[in-house]
């Protein structure tokens, strides 16, 4: 399912939160099983899920693929330092990082570093080509630092639902 544009955020009640905890673990959980777990009818669960999708609370339903099965063997955490923090420079960098499928996560951060990227590639040659394209051939990048992951100890997309 494609990402939906977010509508105004809706207020979540205890039923919504309970439903979110379940669908984060497995989005394919049957609605009747969710209904039993949260003490609602299946129709009520269906309406709540549809409303959370429409409002952007639930952004997408995706399958998490094991990178080793592809194989995507290189995971790198990249610290990116921009030449300056002007709005135009930052927005251009964000757009460029968003456009690269190898950039799995991108965070605009504080503390002297401009961005932290999580990048996944098939091998070091592909990673080197990506760094040339994104950083070395980009005048708005001052420098970058790569940390190559030795092991993917924990990767999770679930959020803690209070």
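Numbering (this note's numbering), first residue to last: -10 to 151. Ideal placement from N, C-alpha and C gives every residue a C-beta, glycine not left out.
What residue range does the alpha helix (DSSP H) around residue i cover?
{"i": "residue 9", "result": "3 to 14"}
{"i": "residue 27", "result": "20 to 27"}
{"i": "residue 81", "result": "76 to 88"}
{"i": "residue 36", "result": "31 to 44"}
{"i": "residue 120", "result": "113 to 120"}
What separation, rounded to the nearest whole angstrom, lies between the Cα atoms of residue i and residue j?
{"i": "residue 191", "j": "residue 52", "result": "Residue 191 lies beyond the range of the chain shown here (-10 to 151); nothing can be said about it."}
{"i": "residue 109", "j": "residue 140", "result": "13 angstroms"}
{"i": "residue 21", "j": "residue 78", "result": "49 angstroms"}
{"i": "residue 103", "j": "residue 129", "result": "11 angstroms"}
{"i": "residue 97", "j": "residue 136", "result": "17 angstroms"}
{"i": "residue 41", "j": "residue 18", "result": "16 angstroms"}
{"i": "residue 38", "j": "residue 56", "result": "29 angstroms"}
{"i": "residue 11", "j": "residue 90", "result": "28 angstroms"}
{"i": "residue -1", "j": "residue 46", "result": "8 angstroms"}
State the CB to CB distance for the pair residue i and residue j, rounded to an integer number of angstroms; the pair is presumed to be in contact (CB under 8 angstroms).
{"i": "residue 86", "j": "residue 61", "result": "In fact, because the Cβ distance is near 18 angstroms, the residues do not count as touching under 8 angstroms."}
{"i": "residue 6", "j": "residue 150", "result": "5 angstroms"}
Please list the terminal residues of the continuous beta strand (DSSP E) segment that includes residue i.
{"i": "residue 136", "result": "130 to 137"}
{"i": "residue 109", "result": "104 to 110"}
{"i": "residue 69", "result": "63 to 71"}
Under 8 angstroms, with one C-beta from each stretch per pair, do the segment 109 to 121 and the segment 18 to 35 reach the 3-pair mark? no
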